[in-house]
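Structure first, then comments.
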Amino acid sequence: MDLVGIQIIQVLSGIATLALMGAGLAVIFGMMRVINFAHGEFMMLGGYVVIVCTEQFGINLWVAMLIIAPILVGLIGLVFERILIRFLYGRMIDTLIATWGLSLFLIGVITWIFGNVTRGVQTPLGSYSFGDYSEKTYTLVMIAFTVVIYLAIFVVLRRTKLGLIARGTMQNPSQASCLGVSPPRVYMVTFAIGAALTGLAGAILAPLNTVIPTIGVSYVAQAFITVITGGAAAFTGTVLASGVFGAVRQIISFQWTPILGQVFLLITAVILLRIFPTGITGRYFRRST
Amino acid sequence: MTGLLASGWRFDSNRHGTWAVAGVMVVLLFILPVLDDPLLLLQVRYYVSMIVLALSMAFIWGFGGIMCFGQSMFFGLGGYAYAISVGNIGESTAPFFLAMIIPAIFAAILGYFMFFGRLNDVYVAVITLAVTLALYYFINSTSGDEYSIGKARLMGFNGISSIRKFNWPGDPKALLSANHLFYFSMGLLIATYVGLKMLLGSTFGRVVVAVKENELRAELLGYDVRLYKLTVFVIGAAIAGLAGCLSINYKNFISPNAFHLSLAAQIIMWVLVGGVGTLLGPMIGCVVLLYVSFILGTGASGGGLNTYLIFGLIVMIFVLAIPQGIVPTLRDWREQGGRYRRAIAGAVLNLAEQLPAPGNVHVRAFGERLLGVLGPTAGDRTKG
Amino acid sequence: MAEDGIILETRGLTMRFGGVVAVNNVDFSMKEGELRCLIGPNGAGKSTFFKCLTRQYKPSTGQVFFRGADITSDITFQIARRGIGIKTQVPSVFDGLSVHENIWLSARRHHKTREANRITDQIIERVGLGHATKKLVGQLAHGERQWVELGIVLTGEPKLILLDEPTAGMTGDEVGRTTELIREINRQAALIVVEHDMQFIKAIAQKVTVFHQGQILVEDTMINIMNNQQVRDVYLGKHSV
Numbered sequence: 001m002d003l004v005g006i007q008i009i010q011v012l013s014g015i016a017t018l019a020l021m022g023a024g025l026a027v028i029f030g031m032m033r034v035i036n037f038a039h040g041e042f043m044m045l046g047g048y049v050v051i052v053c054t055e056q057f058g059i060n061l062w063v064a065m066l067i068i069a070p071i072l073v074g075l076i077g078l079v080f081e082r083i084l085i086r087f088l089y090g091r092m093i094d095t096l097i098a099t100w101g102l103s104l105f106l107i108g109v110i111t112w113i114f115g116n117v118t119r120g121v122q123t124p125l126g127s128y129s130f131g132d133y134s135e136k137t138y139t140l141v142m143i144a145f146t147v148v149i150y151l152a153i154f155v156v157l158r159r160t161k162l163g164l165i166a167r168g169t170m171q172n173p174s175q176a177s178c179l180g181v182s183p184p185r186v187y188m189v190t191f192a193i194g195a196a197l198t199g200l201a202g203a204i205l206a207p208l209n210t211v212i213p214t215i216g217v218s219y220v221a222q223a224f225i226t227v228i229t230g231g232a233a234a235f236t237g238t239v240l241a242s243g244v245f246g247a248v249r250q251i252i253s254f255q256w257t258p259i260l261g262q263v264f265l266l267i268t269a270v271i272l273l274r275i276f277p278t279g280i281t282g283r284y285f286r287r288s289t
Numbered sequence: 001m002t003g004l005l006a007s008g009w010r011f012d013s014n015r016h017g018t019w020a021v022a023g024v025m026v027v028l029l030f031i032l033p034v035l036d037d038p039l040l041l042l043q044v045r046y047y048v049s050m051i052v053l054a055l056s057m058a059f060i061w062g063f064g065g066i067m068c069f070g071q072s073m074f075f076g077l078g079g080y081a082y083a084i085s086v087g088n089i090g091e092s093t094a095p096f097f098l099a100m101i102i103p104a105i106f107a108a109i110l111g112y113f114m115f116f117g118r119l120n121d122v123y124v125a126v127i128t129l130a131v132t133l134a135l136y137y138f139i140n141s142t143s144g145d146e147y148s149i150g151k152a153r154l155m156g157f158n159g160i161s162s163i164r165k166f167n168w169p170g171d172p173k174a175l176l177s178a179n180h181l182f183y184f185s186m187g188l189l190i191a192t193y194v195g196l197k198m199l200l201g202s203t204f205g206r207v208v209v210a211v212k213e214n215e216l217r218a219e220l221l222g223y224d225v226r227l228y229k230l231t232v233f234v235i236g237a238a239i240a241g242l243a244g245c246l247s248i249n250y251k252n253f254i255s256p257n258a259f260h261l262s263l264a265a266q267i268i269m270w271v272l273v274g275g276v277g278t279l280l281g282p283m284i285g286c287v288v289l290l291y292v293s294f295i296l297g298t299g300a301s302g303g304g305l306n307t308y309l310i311f312g313l314i315v316m317i318f319v320l321a322i323p324q325g326i327v328p329t330l331r332d333w334r335e336q337g338g339r340y341r342r343a344i345a346g347a348v349l350n351l352a353e354q355l356p357a358p359g360n361v362h363v364r365a366f367g368e369r370l371l372g373v374l375g376p377t378a379g380d381r382t383k384g
Numbered sequence: 001m002a003e004d005g006i007i008l009e010t011r012g013l014t015m016r017f018g019g020v021v022a023v024n025n026v027d028f029s030m031k032e033g034e035l036r037c038l039i040g041p042n043g044a045g046k047s048t049f050f051k052c053l054t055r056q057y058k059p060s061t062g063q064v065f066f067r068g069a070d071i072t073s074d075i076t077f078q079i080a081r082r083g084i085g086i087k088t089q090v091p092s093v094f095d096g097l098s099v100h101e102n103i104w105l106s107a108r109r110h111h112k113t114r115e116a117n118r119i120t121d122q123i124i125e126r127v128g129l130g131h132a133t134k135k136l137v138g139q140l141a142h143g144e145r146q147w148v149e150l151g152i153v154l155t156g157e158p159k160l161i162l163l164d165e166p167t168a169g170m171t172g173d174e175v176g177r178t179t180e181l182i183r184e185i186n187r188q189a190a191l192i193v194v195e196h197d198m199q200f201i202k203a204i205a206q207k208v209t210v211f212h213q214g215q216i217l218v219e220d221t222m223i224n225i226m227n228n229q230q231v232r233d234v235y236l237g238k239h240s241v
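Protein chains in written order, with our numbering: chain U, 1 to 289; chain H, 1 to 384; chain Y, 1 to 241.
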């Protein structure tokens, strides 16, 4: 029984991890159709913000993680939207390559400042035991955060004016501008919010992972696969895809090795995309949330 | 008007350029060994293997329109296929071919899912990226004894060392000398280049370019677009595998780093900087950027801090300001630039003889095309 | 060829996008050698109907038969090979290639290289682009690009040609030439023409099908159609259906 319980929690944490990784990308890629290959590096920046805040300035971990990281990474996103991304809207492959250049650049900058060494954030809250097994308490907190974040996203998109403006602009920029909305500004703000969500995800995951300048690479592929497989309804899709992939990966990892878990995640993705070329939600939903 | 018009007649326009470039390489083939500088030959062999890799990407991206983010996986697969099979067989003829066949088969399977699934460019980029990463992690984890194929162990993150070099076909004892290895590598490079040029000039090549230009129209004409893309992808993989096997013969060693993303990234950069839609451009881009990373003191794998920073900047600047890459941009300058640009471009280009006309004549208005060189706002290279 | 002389038939063809039904349960049929015009207000589903026929969209339900064969599950290139050619609304050509290359690619699908070269030259003359053989298609005027696409389609010698607004962007002169060309083509192939230009339709039409809200409203001769109150209402925006 204990084994089953712990496995369930691990599967849930695997799902939450993917959903968390995908959240910012669901905004930037899912809604805006901007390929942000620097997604992983935005997450990496979130992790470094936590490290610097807690180690250098002695700021409370939760403040650094939940407030400072998203704000700072959001601002960084804003800057690069202004000097890079905004020239490339509508040019998907160019955006892909440019943001990938941005990712190399960010890796370079962070390596330059902090060196190519592994850092870590002390996992808070200790652990709890579950029969014969023990698990980090923080894992449960992370799962809870993910649920809260997604609930917040749905509420903002569905229930607020901001969400309405954003959704409207993404679907029909010219119509939106006729209604007095400035599409460039909406794009700018949306990108910054996406970056902030990404930084937040990186910060929340930092205590569970190591933090090195090149960590982004391992995030970006998983995040993209999750959001792409999710399909047209960016957030619903991302949650669904996270559910499938998180479960597959965790179960395989448990049975065999984590590497095989990754490989199976990928195989599942490729097969799912062969069946649903436009993603799981592509066939049944029009573009929405 | 004549400049671009001439390039529009592209199917037939670039023979002179092809022979010029091939000629230069043939001259190098004969001159370099005469200089009697073993170190130089060794280095040239390294560059040659990388140029072959650059050609594979130039072909699938520039002409096939396939944005593969993991061309390094075929390079790595080719290398491992050679290393493992030569370790088992003890003779290099079959392994040499396996180094191309194994990546080709892998590409065929992967490509089937991608192209017959009709995934768009972005998804293809992401999936190739993910598969490359998975292979990287997988090979890294194979250091245990249980991971061996026949007599050869995979060795995981340690890599496989002291791999046998090429021998004369059928005679395992007669290993190729340094000079012969050079002739062989350089000869294969020339063959690859000329072969790709001939392929592009054939009906098949023309249809491939047409598919890149307008997939829907090609299909409405009755061409099976999926099959053409798959074939291009497979050919590219075989060439990358060849490059992998050549690079092993340079350093006798292969490690999971062959799959590493920094190599995949560099390949894209060679093509981007040299010019998407040409073969010569990426070859030049490859040599220049390898030299840059050599000067930065980090060697080929690009693990150091400055390479990331500087390469990142290069990529961003090129996408924003010189999206066509160097060679096509210079060609534009020569055709329609102001006095100075025309002079500069003319000088540079004439130096390199008559260049192959660029393949990516994605036509925009003339003025826009020129502006594309000057500023970031003009010129939309991709169609969606 | 089907014995009853029917070249194209759809049964219950339906295309849904989410909640929108763009083509709704359409039963359409036409004979070999026929020249049919499709008219209807914007958004009536004409272009979507064409895209379903050439499998650019996969129909939600319904069947398509071409010369007696069920082609519902064929994909685009297979349909093209069966002999259905289409000129799309926005010219779909190879902008980065020359006029000659554009036509050649179509000719080469059916013939060996040398024969393809000969046919290409022929077709280029036929559509009156002899002066622009080596020009990049992307540099041509809109009307000329229409001719290039028409040339591409003709080169494939299809049995059935779908023309989506062939005269859009053409000058009066060119419309006249197009009228002649369409009559000429009609001697070898059946045609479905979508048009808004009523003068043009009057000049070419044998039978006209009126689309409205994804369905076939009426099918009749042009004269009867023009006198049809229902059709007038549709064009003037009255919802009488």
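Beta carbons: idealized from backbone N, C-alpha and C, even for Gly.
Fair warning: this is a prediction, and the values are worked out from it, not measured in the lab.
- Bridge partners of glycine 85/Y according to DSSP: Ile161/Y.
- Proximity of arginine 274/U to chain H, defined by a Cβ-Cβ separation below 8 angstroms, is satisfied.
- According to the DSSP assignment, lysine 31/Y belongs to no alpha helix (DSSP H) but to the beta strand (DSSP E) extending over 20-31.
- The three-state secondary structure of alanine 38/U, taken from DSSP, is coil.
- In this structure the segment 39-56 of chain U does not lie against the segment 234-241 of chain U, because fewer than three pairs of beta carbons, one per stretch, are closer than 8 angstroms.
- Residue-level contact check: aspartate 121/H touches chain U, since one or more beta carbons of chain U fall below 8 angstroms from its beta carbon.
- Closest in alpha carbon position to isoleucine 152/Y, among His212/Y, Ile86/Y, Ile216/Y, Gln78/Y, is Ile86/Y.
- Using beta-carbon distances, glycine 96/Y counts as an interface residue toward chain H, with a partner under 8 angstroms.
- Look at cysteine 245/H here: in three-state DSSP terms it is helix.
- A residue is called buried once 16 or more other Cβ atoms fall within 10 Å of its Cβ, and aspartate 2/U, having fewer, is exposed.
- Any Cβ of chain U closer than 8 angstroms to the Cβ of tyrosine 183/H would place that residue at the interface, and such an atom is absent.
- Residue environment for aspartate 27/Y: exposed (fewer than 16 other C-beta atoms within 10 angstroms of its C-beta).
- Thr203, Arg206, Val207, Val209, Ala210, Lys212, Glu213, Asn214, Leu216, Arg217, Ala218, Glu219: these are the residues of the segment 196-219 of chain H whose beta carbon lies less than 9 angstroms from some beta carbon of chain Y, given in chain order.
- Counting along the chain, lysine 136/U sits inside the beta strand (DSSP E) bounded by residues 133-136.
- Chain Y has no Cβ within less than 8 angstroms of the Cβ of leucine 279/H.
- In the DSSP assignment, valine 4/U falls within the alpha helix (DSSP H) that extends over 2-25.
- Residues of the same chain with a CB within less than 6 angstroms of the CB of glycine 65/H, apart from the 5 flanking positions on each side, are Lys212 in chain order.
- Within 7 angstroms of the CB of leucine 105/Y, the CB atoms of chain H belong to Arg206, Val207, Ala210, Leu221, in sequence order along the chain.
- Under the DSSP definition of a beta bridge, glutamine 229/Y lacks any partner.
- Burial check for serine 47/Y: the Cβ neighbour count within 10 Å reaches 16 or more, so the residue is buried.
- By the Cβ criterion, the segment 36-54 of chain Y is in contact with the segment 209-225 of chain Y, since at least three pairs of Cβ atoms, one from each stretch, lie closer than 8 angstroms.
- Taking the beta carbon of valine 225/H as reference, the chain Y residues within 9 angstroms of it are Thr76, Phe77, listed in sequence order.
- When CB distances to chain H are screened at a threshold of 9 angstroms, not a single residue of the segment 164-193 of chain Y falls below it.
- Excluding sequence positions up to five before and after leucine 29/H, its CB lies within less than 6 angstroms of the CB of Met186, all in the same chain and listed in chain order.
- Bridge pairing for isoleucine 39/Y: Val210/Y [DSSP].
- Taking CB atoms only, methionine 188/U has no neighbour in chain H less than 8 angstroms away.
- For threonine 10/Y, the enclosing beta strand (DSSP E) covers residues 6-17.
- The beta carbon of glycine 275/H sits closer than 8 angstroms to the beta carbons of Gly62, Gly281, Pro282, Gly285, Gln324, Gly325, Ile326, Val327, Pro328, Thr329, Pro358, Asn360 from its chain, once the five residues preceding and following it are set aside; these are given in chain order.
- Remark: C-beta atoms of alanine 22/H and tyrosine 183/H do not approach each other more closely than 8 angstroms.
- The shortest C-alpha to C-alpha distance from glutamine 78/Y to any of Thr61/Y, Arg55/Y, His100/Y, Val99/Y is the one to Arg55/Y.
- DSSP, read as helix, strand or coil, puts leucine 191/Y in strand.
- The beta carbons of alanine 176/U and proline 183/U sit closer together than 8 angstroms.
- Closest option to glycine 150/H, judged by alpha-carbon separation, among Arg217/H, Met198/H, Ala81/H: Ala81/H.
- Within the same chain, and ignoring the five residues on either side of arginine 164/H in sequence, the residues whose Cβ sits closer than 6 angstroms to its Cβ are Val86.
- For the segment 93-111 of chain U, the beta-carbon criterion of a distance under 8 angstroms to any beta-carbon of chain H is satisfied by Ile93, Asp94, Leu96, Ile97, Ala98, Trp100, Gly101, Leu102, Ser103, Leu104, Phe105, Leu106, Ile107, Gly108, Val109, Thr111.
- When C-beta atoms of the segment 121-133 of chain Y are compared with those of the segment 228-248 of chain H, fewer than three pairs fall below 8 angstroms, so the two segments do not count as touching.
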